[in-house]
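Residues in the sequence shown are numbered from 1 upward in steps of one, following UniProt numbering. Data block below; observations after.
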Amino acid sequence: MDLGLHYFTFTHPEWETTLADKLTETARIADQGGVSLLTVMDHWFQMEQAGGPFEPMLEGYTTLGYLAGITDNVRLSLLVTGVTYRHPGLLAKTVTTLDRLSGGRALLGIGAAWYEREHQGLGVPYPPTAERFERLEETLEVCRQMWSDNDGAYDGKNYQLAETISLPQPVNGSVPVLIGGGGEKKTLRLVAKYGQGCNLFGAPGEEGVATVKHKLEVLRGHCDDLGTDYDAIEKTMLYQGPAVEDPDAFFKDMEQYAALGISLVGLMPTPYVDPVPWATSAVDLVPRLKEI
1 MDLGLHYFTF
11 THPEWETTLA
21 DKLTETARIA
31 DQGGVSLLTV
41 MDHWFQMEQA
51 GGPFEPMLEG
61 YTTLGYLAGI
71 TDNVRLSLLV
81 TGVTYRHPGL
91 LAKTVTTLDR
101 LSGGRALLGI
111 GAAWYEREHQ
121 GLGVPYPPTA
131 ERFERLEETL
141 EVCRQMWSDN
151 DGAYDGKNYQ
161 LAETISLPQP
171 VNGSVPVLIG
181 GGGEKKTLRL
191 VAKYGQGCNL
201 FGAPGEEGVA
211 TVKHKLEVLR
221 GHCDDLGTDY
231 DAIEKTMLYQ
241 GPAVEDPDAF
251 FKDMEQYAAL
261 GISLVGLMPT
271 PYVDPVPWAT
281 SAVDLVPRLK
291 EI
């Protein structure tokens, strides 16, 4: 199993003067410590459950561009891009730029968006849920077309593009798509149809394992219905429990998640503490995690 680090909070002691330094050092620890995937959030306001809008939050793709310049190995993604935040043609161009400048290390993490307050706060339209999922599927279609030989028009219900030209193309021809969320009717169907990866939420203990098992069974059903290869989809999860604080319990959980097919687990630093020692402890988990 591989390790991911999800740098979801910029709130730590003296962040006003050390935010960039702490982010830089944490990223280098991850890059040199065998972490497979480094992610940041795609939000303009911090989530209310993590302190709310008056906590610091950096713009996601600007941050990833910076991280690409100071790392060499780790894959880079947002967890996850809100479909409402960027026009799909510009999104494809942005992610392609990240991929080229990082040497092919970009992922397109994407979802339907949910944080209404930041949309209202900054004056960005926030359509109803059904429309957001329509836009999500069209965005996936636009990205797929832009990462192909077809540079013609795209005519969707919500988006119309006269030309889908995108040069240069991604390093490997396209950027892997990781779709976040566990919605069983829409989200996991989109994973089966368009995704090279999924991201689920995992909790400690048997209940958390049972939930992820069920989500993966639903995903397999969608793959069967659509004729796609379930085994080719990278199964990742964000672990919502202590790991560096209780490694033995963490590894016990990971053995069960790995048996379900989860191949990467993302960990999050504790808010309001220095992320550097936390990241140092997290990368110490990598050798034992690799053995699972």
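C-beta: ideal position from N, C-alpha, C; glycine also. Only a predicted model underlies this, so the values are computations on that prediction, with no experimental measurement involved.
Where valine 276 is concerned, the enclosing alpha helix (DSSP H) starts and stops at 275-283.
Of the residues Leu200, Pro13, Gln169, the one whose Cα lies closest to the Cα of alanine 92 is Gln169. Only exposed fits threonine 17, as fewer than 16 other CB atoms lie within 10 angstroms of its CB. DSSP places glutamine 169 outside both helix and strand once states are collapsed to three, so it counts as coil.
The shortest CA-to-CA distance from phenylalanine 133 to any of Cys143, Trp114, Asp149, His119 is the one to Trp114.
Taking glycine 181 as the centre and dropping the five residues before and after it, the same chain places the C-beta of Gly111, Thr187 closer than 6 Å to its C-beta, in chain order.
Boundaries around arginine 75 are those of the beta strand (DSSP E), 75-78, since no alpha helix (DSSP H) includes it. Here the stretch 57-70 makes contact with the stretch 9-27; the two share three or more CB pairs at distances below 8 Å. The residue from Gly89, Leu107, Cys198, Thr62 with its alpha-carbon nearest to that of serine 263 is Cys198. According to DSSP, residue pairing for asparagine 199 in a beta bridge involves Gly180, Thr236.
Separation of alanine 243 and glutamate 163 (C-alpha to C-alpha, rounded to the nearest whole angstrom) is 47 Å. With a cut-off of 8 Å on Cβ pairs, the stretch 36-45 is in contact with the stretch 60-80, counting three or more such pairs. Excluding sequence positions up to five before and after tyrosine 230, its CB lies within less than 6 Å of the CB of Arg220, Cys223, all in the same chain and listed in chain order. Remark: fewer than three beta-carbon pairs, one from each stretch, lie closer than 8 Å, so the stretch 100-109 and the stretch 145-162 are not flagged as touching. For glycine 109, the beta-bridge partners assigned by DSSP are Leu178. The beta-carbon distance between proline 269 and alanine 50, rounded to whole angstroms, is 11 Å. This is too long to meet the 8 Å contact definition. Nearest neighbour of isoleucine 29 by Cα position, chosen from Arg189, Glu14, Leu5, turns out to be Leu5. In this structure, leucine 200 keeps its C-beta atom at 7 Å or more from the C-beta atom of lysine 185. Excluding its 5 nearest sequence neighbours in each direction, arginine 135 has C-beta neighbours in its own chain below 6 Å: Val83, Asn158, listed in chain order. Between the C-alpha atoms of lysine 213 and glutamine 145 there is a straight-line separation of about 33 Å.
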